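Below: one structure, written as structure tokens.
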Amino acid sequence: MSNNVNKPDQNASLIASTDAAWEEGVLGRSEAHVKISSEASATAFEKEINEALELQPISIRLNKSLIEDLKMIAELAGLGYQPLIRQVLTRFTDCEKKRILRQVHSEEMKKQSGKKAKKVA
91 MSNNVNKPDQ NASLIASTDA AWEEGVLGRS EAHVKISSEA SATAFEKEIN EALELQPISI
151 RLNKSLIEDL KMIAELAGLG YQPLIRQVLT RFTDCEKKRI LRQVHSEEMK KQSGKKAKKV
211 A
């Protein structure tokens, strides 16, 4: 019976693994949780992440004012500016592909209606 009484006291010193504990820094921020990685392992880890997410690093030159605007918008949206740029480019390409497909479809429909008109005449 004394074993059951002591268990809660032993567990009282443990920190519950909750989202709040991680966010507040109670978990994971002590030196015991720190590991210094080599540049090679960091590069390998970055490569793994890029492959898993199908990301390809690119280099692009943008106006400084555009970058600052993107950073401001990203901060307001609670994002980093690079994920925001990915979202912007994804939205644009999705819309542009749809526009092109509608245009091609419309041209095909015109061709088909023109062929039907010639057959009737």
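The opening position of the sequence shown corresponds to residue 91 in the numbering used here, with each subsequent residue numbered one higher.
In this text, a Cβ means the ideal position worked out from N, Cα and C, and glycines have one as well.
From a predicted model like this one, the values you see are computed outputs, not experimental measurements.
Helix, strand or coil at residue i [DSSP, three-state]
{"i": "residue 176", "result": "helix"}
{"i": "residue 140", "result": "helix"}
{"i": "residue 110", "result": "helix"}
{"i": "residue 198", "result": "helix"}
{"i": "residue 204", "result": "helix"}
{"i": "residue 188", "result": "helix"}
{"i": "residue 126", "result": "coil"}
{"i": "residue 131", "result": "helix"}
{"i": "residue 146", "result": "coil"}
{"i": "residue 160", "result": "helix"}
{"i": "residue 166", "result": "helix"}
{"i": "residue 181", "result": "helix"}
{"i": "residue 115", "result": "coil"}
Residue-level contact to chain C via CB, residue i, 8 Å cutoff
{"i": "residue 179", "result": "Protein chains in the displayed structure number just one, and chain C is not present."}
Delimiting residues of the alpha helix (DSSP H) encompassing residue i
{"i": "residue 150", "result": "From DSSP, residue 150 is part of no alpha helix (DSSP H); its letter is neither H nor E."}
Spatially closest choice to residue i from the options, by CA coordinates
{"i": "residue 145", "options": "192, 186, 176 and 203", "result": "176"}
{"i": "residue 170", "options": "135, 157 and 122", "result": "157"}
{"i": "residue 172", "options": "166, 161 and 137", "result": "161"}
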